Amino acid sequence: MAITLANMRLAPLILIFFVTTCVAVAASKKSQNLVSHVEDFKDFKKLLRTKTNLLVILTKSEKSLSSILPVIQTTAEEMKGKATLIIIDCSVAKKLCKKLKMSSNSFELKHYHDGEFNRNYDRKLTVKSMIKFLQDPKGDIPWDEDPEAENIVHVESEQKLNKMLKKQRLPMLLMFYAPWCGFCKRLKPEFSAAATELKGKAILAGLDADNPQFFQLRLQYNITGFPTIFYFENGKSLFQYGGENTRSGIVKWMSNPTPPKEAEKDASLFDDESNVEPLSKITFDSFLAEHSSVLVMFYAPWCGHCKKMKPEYIEAAAALKEENIDGALAAIDSTQESQISERFKIKGFPTVKYFRNGEYMWDFNERKAADIVSFMKDPKEPPPPPPPEPKWADTESDVHHLTAENFKTILKKKKHSLVMFYAPWCGHCKKAKPEFTEAALQLKDEPKLAICAVDCTEHTSLCTAHDVKGYPTLKYFNYGKNPQDYMGGRTTADFVNFLKSPNAPPTQEPVPKLSPQEEFWLKEVGPSFKDVSLLSSISFDYFISENPSALVLFYSGKHPDTELMKEFSTTATFLKAGESTDVFAAVDRYADKDLADKFVGSRSHVCKFL
């Protein structure tokens, strides 16, 4: 009886041990399975074709790799779906290692990006470092891994910052930076050197504000550019740094911290050192009278596009002076000189106008220094902008364009009708439009068949009544009744074949009502993404031109970070409810690679203010 009871008492412990051991073994095998062993060159070439983020571990033998194998396995598990790690044992795959030029080291790591060799791995052999590298394999070494920055306190989370502010009694400078920021890169060595010199007297800290986890901190401290440096005493932010961006300047300023001068904070977009003449209502007319050829930029200090144009404008002004070109560049702050802006009917920024002998001639729309200089050498009226694309309803075709007045009248006479509910700006609509129009042409002699379209930007009530939630939405009507979603393809043949035989099964996969990008966000985030504008290369430039303050998330549609997307959506809704002028947008870097590369390089899940 005692033995049986003991066995009964031990049974749960044995079960726990068994389960724990099995889970541990299973987890270990899972990690091992994520790291492939490659021996054949053909297999390696196949991986280069199919894997965009590949880390190759070359080793003289399996034994040589034993010290870092757990790191490799854990990294592979953490980066599953985002990166691929493989091991090549050179004691077995000698030919492959020779082709890959394995060095004399016991092991080495080589990275390949989009099928091409990128670089040798030169970071710490830790899980954290490997993950950071694989998240941005073309980026610079992170500041927190730079040996010269050992005296910088690197803020890794909002919780760590809050803990520092509660406990730290030394004065502190906190730099909000972005890894891609050129000014930050130039300041980092000076900041690091100052941290070493001030060790024990002050804390110098760095926070990668480009990291999505710091969204709320960016909003809290109103970080709109990099680097931004705040001074703290007793855990409270007092003011921004106001000294020179050098080691000695930082050390000197920290001996007597004072706020930046008001003149420096509220400086004009164009300072006295440039060759651009700042104008006011007092000097405007007299300056134009004194100079026969003048280009004037009307700007607002907060305008993002004005800030982008500023260096080009300054460069052009300097070139005019150096080349002794007859002409002058001037600028006027429309927020301070509203009378002048109203006089010339300024509606947006920047607006650039050309004046000859004091008289306004025409607007100038180029933004690059070379184009400005070329124009000022021989000012001529620019060609008129291309006429706006005519409305679909105004172009001659066999498509029936429906309105609230004729919708029922036209459809009730047609046995089979296919109606496209569209928006003029919609890229998928534009793509389907010629196919749809051609289908109407082919069916023009069929009296009982109709190809129809509704512009939802003009006939909102019609689209609302028919539950249109995305563009294009296509619906089939039988004598104007029993509307059904069209689930076929979007070629001319698909439209024609469907109307001739509506009850036949579709020849292609069903087409969703929402765009693929909208479907993706709906699946990952749910309807909460409604306040995030989903952009593509087609809509990006226009959207940015219409929204001077936009936070754009460049995400990976292939390997989504759902939690980040949810937080981004929630923040967008929160700010909109507070009547913020900032807008939130998103771009899929895999769908629009060139666009993403232009702004964030090879990185994914990165936000950028534009």
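According to mature numbering (1 follows the signal peptide of the UniProt record, and there is no 0), the stretch in the sequence shown is residues -26 to -1, 1 to 584, in order. Think of the CB as a built atom: it goes at the ideal place given N, C-alpha and C, for glycine as much as any other residue. Only a predicted model underlies this, so the values are computations on that prediction, with no experimental measurement involved.
Exercise for review: Report all residues from its chain with a CB closer than 6 Å to the CB of residue 587; omit the five preceding and five following residues, and keep chain order.
Suggested key: The shown model of the chain, from -26 to 584, leaves out residue 587, and the question about it has no answer.
Check your understanding: What are the start and end residues of each continuous alpha helix (DSSP H) run of 4 or more residues lying completely inside the region 180 to 251, in chain order?
Key -> 189 to 194, 221 to 229 and 236 to 239
Review point. Under 8 Å, do I46 and V9 count as touching if we go by C-beta distance?
Key: yes
Point to revise | The beta strand (DSSP E) enclosing R330, as first and last residue numbers | key: T325 to R330
Exercise for review: Determine the direct distance from the alpha carbon of F548 to that of P360, and round the result to whole angstroms.
Suggested key: 39 Å
Point to revise | According to DSSP, residues forming a beta bridge with E82 | key: L32
Check your understanding: Which class does Y450 belong to by DSSP, given the choice of helix, strand or coil?
Key -> strand
Point to revise | Minimum C-alpha distance to G462 - residue among K19, A406 and L178 | key: A406
Exercise for review: Can you give me the Cβ contacts of A169 inside the same chain, cut-off strictly under 7 Å, excluding the 5 residues immediately before and after it?
Suggested key: N125, I126 and L178
Exercise for review: Look at the alpha carbon of G89 and the alpha carbon of K25, and state the distance between them as a whole number of angstroms.
Suggested key: 7 Å
Exercise for review: Can you check the region 376 to 431 for any beta strand (DSSP E) of at least 3 residues that lies completely inside it and give the ranges in chain order?
Suggested key: 390 to 396 and 423 to 429
Exercise for review: Look at the Cβ atom of L527, then the Cβ atom of F514, and state whether they are nearer than 8 Å.
Suggested key: no
Point to revise | As assigned by DSSP and simplified to three states, the class of Y287 | key: helix
Check your understanding: Hey, out of F410, Y453 and Q491, whose CA is closest to T465's CA?
Key -> F410
Practice item. Would you kindly check if the distance between the Cβ of F329 and the Cβ of E340 is under 8 Å? Key: no
Review point. Can you tell me whether DSSP reads S10 as helix, strand or coil?
Key: strand
Check your understanding: From this set, N92, P116, A176 and G301, which residue's C-alpha is nearest K98's C-alpha?
Key -> P116
Review point. Span of the beta strand (DSSP E) holding W336?
Key: E333 to D337
Point to revise | Y516 in three-state terms, based on DSSP | key: helix
Practice item. Check whether the Cβ atoms of M539 and V499 sit closer than 8 Å, and answer yes or no. Key: yes
Check your understanding: Start and end of the alpha helix (DSSP H) containing N136?
Key -> E132 to K141
Point to revise | 8 Å CB neighbourhood of T536 in its chain, flanking five on each side removed | key: E498 and V499
Check your understanding: Terminal residues of the continuous alpha helix (DSSP H) containing Q109?
Key -> V101 to Q109
Practice item. Can you check DSSP and say which residues form a bridge with F558? Key: V506 and L525
Check your understanding: Leaving out five residues before and five after L83 in sequence, what residues of the same chain have Cβ atoms less than 8 Å from its Cβ?
Key -> L29, V30, I31, L32, N94 and Y95
Point to revise | Chain-order list of residues whose beta-carbon lies under 7 Å from that of R192 (same chain, five-residue window excluded) | key: A183
Review point. For L74, which residues of its own chain have a beta-carbon under 6 Å away from its beta-carbon, when the five flanking residues on both sides are left out?
Key: none
Point to revise | Residue range of the alpha helix (DSSP H) that includes C155 | key: Unbroken run through C155: none, as it is neither H nor E.
Check your understanding: Which one or two residues does DSSP pair with E90 in a beta bridge?
Key -> H87
Review point. Are the beta-carbon atoms belonging to P145 and F189 less than 8 Å from one another?
Key: no
Review point. Hey, does S391 have any beta-carbon neighbour from chain C nearer than 8 Å?
Key: This model lacks chain C altogether, as it is built from one protein chain only.
Check your understanding: Can you give the beta carbon distance from I224 to F157, rounded, assuming they're within the 8 Å contact cut?
Key -> Going by Cβ atoms, the distance from I224 to F157 rounds to 15 Å, so no, they are not a contact pair.
**Study point:** Bridge-paired residues (DSSP) for Q491
**Key:** None; Q491 has no bridge partner.
Point to revise | Of the residues K382, Q491, Q416 and K365, the one placed nearest Y396, counting alpha carbons only | key: K365
**Study point:** Cβ neighbours of L508 in the same chain (closer than 7 Å, five flanking residues each side left out)
**Key:** Q491, E492, W495 and A560
**Study point:** Whole-number beta carbon distance between A344 and L436, since they are thought to touch under 8 Å
**Key:** Their Cβ separation, rounded to whole angstroms, is 49 Å, which puts L436 and A344 out of contact at 8 Å.
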